[in-house]
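In what follows, a single structure is set out as structure tokens and then discussed.
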Amino acid sequence: MGNLIDLIRSFGMARLTAGVAGTAVMLGLLIFLLISGTKPEMALLYSNLDPQATNQIADQLASRQIDFSMSTDQSQISVPRDQVGPLRLEFAQQGLSGTVPGYDIFDRDQSLGQSSFTQEINKLRAMEGELSRTIASIDNVRGARVHIVLPRRELFTREPMEATASVVIKMQGANRLDRSQTSAIQQLISTAVPNLDPNRITIVDDRGTLLHGGGDKGDGTLNPDNVADMRSGFEGRLSGKVTEMLERVVGVGKARVEVSAEMDFSQETSSIQSYDPEQQVLVSSREIEDTSSSQEANQDTVTVGNNLPDAGALDGGAVGNTETSARTDSIQNFQTGNTKTERIVPPGRVDRLSVAVVVDGIRQPDGTYEPRSEDEMNVLRELVESAAGVNLSRGDQVTIHNLRFEDVPVYTLDEEEMFGLPKSRIWSLVQTGVIGLVVLLIALIIVRPLITKLFDMQHQTAAGRAGDSPTMLTDQSGNAIATAGGQGMMPQEGTEEFEHMIDIANIEGRVKASSLKKIGEIIEKHPEEAVSILRTWMYQGSD
Numbered sequence: 445m446g447n448l449i450d451l452i453r454s455f456g457m458a459r460l461t462a463g464v465a466g467t468a469v470m471l472g473l474l475i476f477l478l479i480s481g482t483k484p485e486m487a488l489l490y491s492n493l494d495p496q497a498t499n500q501i502a503d504q505l506a507s508r509q510i511d512f513s514m515s516t517d518q519s520q521i522s523v524p525r526d527q528v529g530p531l532r533l534e535f536a537q538q539g540l541s542g543t544v545p546g547y548d549i550f551d552r553d554q555s556l557g558q559s560s561f562t563q564e565i566n567k568l569r570a571m572e573g574e575l576s577r578t579i580a581s582i583d584n585v586r587g588a589r590v591h592i593v594l595p596r597r598e599l600f601t602r603e604p605m606e607a608t609a610s611v612v613i614k615m616q617g618a619n620r621l622d623r624s625q626t627s628a629i630q631q632l633i634s635t636a637v638p639n640l641d642p643n644r645i646t647i648v649d650d651r652g653t654l655l656h657g658g659g660d661k662g663d664g665t666l667n668p669d670n671v672a673d674m675r676s677g678f679e680g681r682l683s684g685k686v687t688e689m690l691e692r693v694v695g696v697g698k699a700r701v702e703v704s705a706e707m708d709f710s711q712e713t714s715s716i717q718s719y720d721p722e723q724q725v726l727v728s729s730r731e732i733e734d735t736s737s738s739q740e741a742n743q744d745t746v747t748v749g750n751n752l753p754d755a756g757a758l759d760g761g762a763v764g765n766t767e768t769s770a771r772t773d774s775i776q777n778f779q780t781g782n783t784k785t786e787r788i789v790p791p792g793r794v795d796r797l798s799v800a801v802v803v804d805g806i807r808q809p810d811g812t813y814e815p816r817s818e819d820e821m822n823v824l825r826e827l828v829e830s831a832a833g834v835n836l837s838r839g840d841q842v843t844i845h846n847l848r849f850e851d852v853p854v855y856t857l858d859e860e861e862m863f864g865l866p867k868s869r870i871w872s873l874v875q876t877g878v879i880g881l882v883v884l885l886i887a888l889i890i891v892r893p894l895i896t897k898l899f900d901m902q903h904q905t906a907a908g909r910a911g912d913s914p915t916m917l918t919d920q921s922g923n924a925i926a927t928a929g930g931q932g933m934m935p936q937e938g939t940e941e942f943e944h945m946i947d948i949a950n951i952e953g954r955v956k957a958s959s960l961k962k963i964g965e966i967i968e969k970h971p972e973e974a975v976s977i978l979r980t981w982m983y984q985g986s987d
């Protein structure tokens with residue numbers, strides 16, 4: 445214990461203060477890294493929450509003493525990753541799903557006194573919630589809100605009112621919905637809601653951009669937005685097809701294609717019916733035969749007997765002249781051959797096409813630029829005309845030139861992309877490295893000097909208390925330069941070793957202030973041994 449106190453005192457106040465401060469800083473840094481390294485990894489529990497749902501879920505987590513964090517807009521809550529699944533199950537049982545209610549709204553306790561209006565509203569809310577969940581499951585869609593209007597048919601009305609719907613879609617980052625995805629959402633809602641025309645659905649994104657207007661007519665008429673979309677879509681598909689073909693020939697990034705199309709978006713319907721008199725077909729045939737006969741009675745005097753029944757039998761069956769006639773009618777219906785042609789021209793036909801192509805030259809391995817030959821450019825022109833469906837008689841035009849492209853600078857990836865590791869993994873590796881560095885510094889700066897001084901002091905103390913054993917003085921390199929044997933005479937072997945160790949030539953120029961200070965401390969602690977050594981030196985000097 446005394447040795448440790450002496451060691452601490454030997455440091456001095458300045459060194460001791462600096463050592464304590466450095467140790468405190470390193471320990472604090474080590475504790476901070478350990479705490480941050482052992483902090484559980486957070487994962488998203490719920491997102492797109494309204495303030496009311498956020499407060500309810502936060503109260504539940506706080507009452508259970510579960511660590512959680514909220515985003516700045518309080519729409520997202522994160523909890524430790526290993527507790528995401530169990531918490532979602534428990535909150536779903538309590539009705540705190542963190543999402544818009546769907547048909548699970550009917551799983552809750554329903555009061556018996558609910559009115560028909562409340563039941564209809566709950567049914568509408570459930571339908572809207574289920575559609576919102578379905579739309580939110582589409583790729584790059586963060587959330588959706590669906591509003592449906594189902595009109596009630598009033599009494600004594602003849603014209604039924606049509607259902608309408610509006611959708612607000614929130615996208616992830618800068619992603620946008622294309623026309624095909626918008627049409628898919630439109631058809632999805634129209635088939636889920638009874639008597640809802642797809643053209644009565646309005647779709648808007650979170651930036652306020654109208655993706656589909658509910659006022660579109662279903663008679664084939666296109667609004668200006670659809671016209672622009674169809675034209676840009678056609679030009680983009682055609683330019684992409686031509687670019688892909690050229691890049692397989694000249695190389696990736698060495699061809700640029702722009703397409704401009706003049707299109708007619710009017711819809712035409714024409715019907716043509718023609719007759720051929722040479723083509724007669726018997727459609728029906730009818731033949732009627734009519735046969736009749738008549739007899740002329742005798743011209744007797746008109747009496748009562750002649751008018752009685754069976755008057756002819758009474759007078760002996762006398763008859764007059766007999767007439768017989770026959771007639772045959774034949775009717776045949778023929779139909780002349782005709783051809784009926786109905787032609788419907790959909791909107792979006794191409795009236796004129798213009799294609800502009802720029803092709804880079806040939807880059808030699810040494811970096812020199814060489815333009816392409818005229819024959820090669822003619823071959824590329826023919827390929828472009830065939831791939832784009834160019835019709836020169838229609839007035840289409842193809843322009844192709846060989847120009848030198850500007851060199852695009854190559855940017856190196858940042859550290860995260862170069863290593864291909866997520867930020868959490870990189871931070872974990874940095875924490876581990878810093879912890880190891882702090883431990884190594886503590887061992888080298890504090891622990892190692894303490895252990896070294898303790899061993900030196902124990903060695904010196906044991907040598908000073910050795911009784912008759914000689915006490916050695918050492919130089920800077922640790923070699924003995926003097927011995928003391930107490931009050932008695934030193935042995936001859938010790939004298940020879942002593943004479944060998946105190947050779948001035950061996951220690952000249954190698955004694956430092958620290959060694960002199962150490963010798964002074966030893967003399968103060970062992971004055972008798974020091975006097976004996978000095979006497980021995982004096983005797984040897986006189987010899």
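Mapping to my numbering: the sequence shown position 15 is 459, numbers consecutive. From the three backbone atoms N, C-alpha and C, an ideal C-beta is built for every residue, glycine too.
Option in the options with minimal Cα separation from residue i
i	options	result
Gln509	Ser515, Thr516, Ala497 and Val523	Val523
Leu474	Asp804, Glu972, Val883 and Gln625	Val883
Ala607	Ser837, Val585, Ala636 and Met615	Ala636
Met615	Ser581, Leu594, Ser634 and Gln630	Ser581
Gln625	Ile647, Asn643 and Glu786	Ile647
Arg681	Ala770, Val701 and Leu847	Val701
Val696	Val803, Arg651, Asp840 and Asp720	Val803
Gly529	Leu488, Thr498 and Ser559	Leu488
Ala770	Pro721, Ser738 and Asn499	Ser738
Ser515	Ala465, Met982 and Pro495	Pro495
Gly472	Lys698, Ile879 and Glu826	Ile879
Val789	Asn846, Arg807 and Glu712	Glu712
Val611	Phe476, Thr980, Gly652 and Ser715	Gly652
Asp734	Leu533, Leu654 and Ser774	Ser774
Gln631	Ala832, Arg644 and Arg620	Arg644
Phe476	Thr876, Arg596 and Val671	Thr876
Ile592	Ile895, Glu564, Thr601 and Glu603	Glu564
Asp517	Thr601, Gly833, Met982 and Leu493	Leu493
Ala468	Ile870, Met821 and Ile886	Ile886
Ile844	Leu824, Leu654, Glu691 and Ser704	Leu824
Val694	Arg602, Thr766, Val727 and Val801	Val801
Ser634	Ala609, Ser491 and Ile613	Ala609
Phe709	Val794, Leu533 and Thr980	Val794
CB of residue i within 7 Å of CB of residue j, strictly
i	j	result
Val590	Leu575	yes
Gly442	Met674	Beyond the ends of the chain as shown, which are 445 and 987, falls residue 442; an answer cannot be given.
Glu679	Arg796	no
Ser513	Met470	no
Val842	Glu850	no
Thr785	Pro721	no
Ile579	Ala570	no
Asn846	Pro809	no
Asn584	Asn619	yes
Arg848	Gly811	no
Gln717	Asn670	no
Boundaries (first-last residue) of the alpha helix (DSSP H) holding residue i
i	result
Val823	Glu818 to Ala832
Ser634	Arg623 to Ala636
Range covered by the beta strand (DSSP E) that runs through residue i
i	result
Ala609	Thr608 to Met615
Gly781	Thr766 to Val789
Ser576	Careful: Ser576 lies outside any beta strand (DSSP E), inside the alpha helix (DSSP H) at Ser560 to Ala580.
Leu655	Leu654 to His656
Leu489	Met486 to Tyr490
Pro524	Ile521 to Pro524
Paired residues, beta bridge with residue i - DSSP
i	result
Gln988	Outside the displayed span of the chain (445 to 987) sits residue 988, for which this structure offers no information.
Val842	Val799
Ala588	Ile613
Val701	Val801
Thr646	Ser610
Leu1016	The requested residue 1016 is not part of the displayed model; the chain covers only 445 to 987.
Gln717	Lys784
Arg793	Asp708
Met674	Beta-bridge pairing links Met674 to no other residue.
Tyr813	Arg807
Ser513	Ser522
Thr735	Ala770
Val593	Thr608
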